[in-house]
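Visitor:
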Amino acid sequence: MWPAKTELSVERTGDESVVQARCALDAQTSAALERLAAGAIARGARAIALDLEHCPLLDARGVCALIRIRRLADHAGIPLRLSRCSAPVERMLRRMHLHTLFDLPAAASSESHPKPTDALLDVGSASGPPTL
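With our numbering applied, the sequence shown covers 1075 to 1206.
1) Please state if the CB of R1144 and the CB of S1104 are separated by a distance shorter than 8 Å.
2) Do L1132 and H1166 come within 8 Å of each other at the CB atom, strictly closer than that value?
3) From G1151 to I1141, what does the alpha carbon distance come to, in whole angstroms?
4) In the DSSP output, which residue or residues are listed as bridge partners for A1095?
5) At a Cβ threshold of 8 Å, is G1151 touching chain C?
6) What three-state label does DSSP hand A1101 in the structure shown?
7) Is it true that the CB of A1111 sits closer than 8 Å to the CB of I1156?
8) In angstroms with no decimal places, state the Cα-to-Cα distance between V1163 and A1101.
9) Specify, as a first and last residue, the run of the alpha helix (DSSP H) that C1138 falls within.
10) Kindly examine the ligand COA and report whether one of its heavy atoms sits closer than 7 Å to the Cβ of A1114.
11) Taking 8 Å as the threshold (C-beta atoms), are V1093 and A1106 in contact?
12) Would A1098 and L1082 be called neighbours here (beta carbons separated by less than 8 Å)?
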């Protein structure tokens, strides 16, 4: 069950600030997430961890926010990591080929990444893709 309300928070543990999203990262919430991360950096965090374990949705605005947070951390010279992320967030980052930007581990199998030609099988005949 996903949280129904918007919940963003920052917790400082030593030199690291953990920014947690317990909501969808979309047009409604992405700017607030960026502000929290930027504030943590401004207050002297030596590292940022993003906890997206309870984030049910990551849309284009959320992806842009994550990229901007990555740039802020890089500019400040501090590490940024995804400490945890939900399956929908991980799928979106992999689909956008951003998993390496956020150091997600390699996918367990190549089956999670269909080949472009696999799409042709859906519209072609049962024997294979149509010929051009």
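Note that beta-carbon positions come from the ideal geometry of N, C-alpha and C, so glycine has one too. Quick caveat: nothing in here was measured; it's all calculated off a predicted structure.
Guide: Taking the geometry as given:
1) Contact check for S1104 against R1144 fails: the beta carbons are separated by 8 Å or more.
2) A small correction: the amino acid at residue 1166 is Met; His does not occupy that position in the sequence shown. Their beta carbons are under 8 Å apart, which means M1166 touches L1132 by this criterion.
3) Computed Cα separation, rounded: 15 Å.
4) Residue pairing from DSSP places A1095 in a beta bridge opposite L1082.
5) The structure shown contains no chain C, having only a single protein chain.
6) In this structure, DSSP gives A1101 a state outside helix and strand, which the three-state scheme calls coil.
7) Residue identity differs from the one stated: residue 1156 is Leu in this sequence, not Ile. No, these two residues do not count as a Cβ contact at 8 Å.
8) About 15 Å.
9) It spans A1134 to A1150 - the alpha helix (DSSP H) in which C1138 sits, taken as one unbroken run.
10) The ligand COA is not among the ligands present in this structure, which contains no ligands whatsoever.
11) Taking 8 Å as the Cβ cut-off, A1106 and V1093 do not qualify as a contacting pair.
12) No, the pair does not count as a contact, with Cβ atoms beyond the cut-off.
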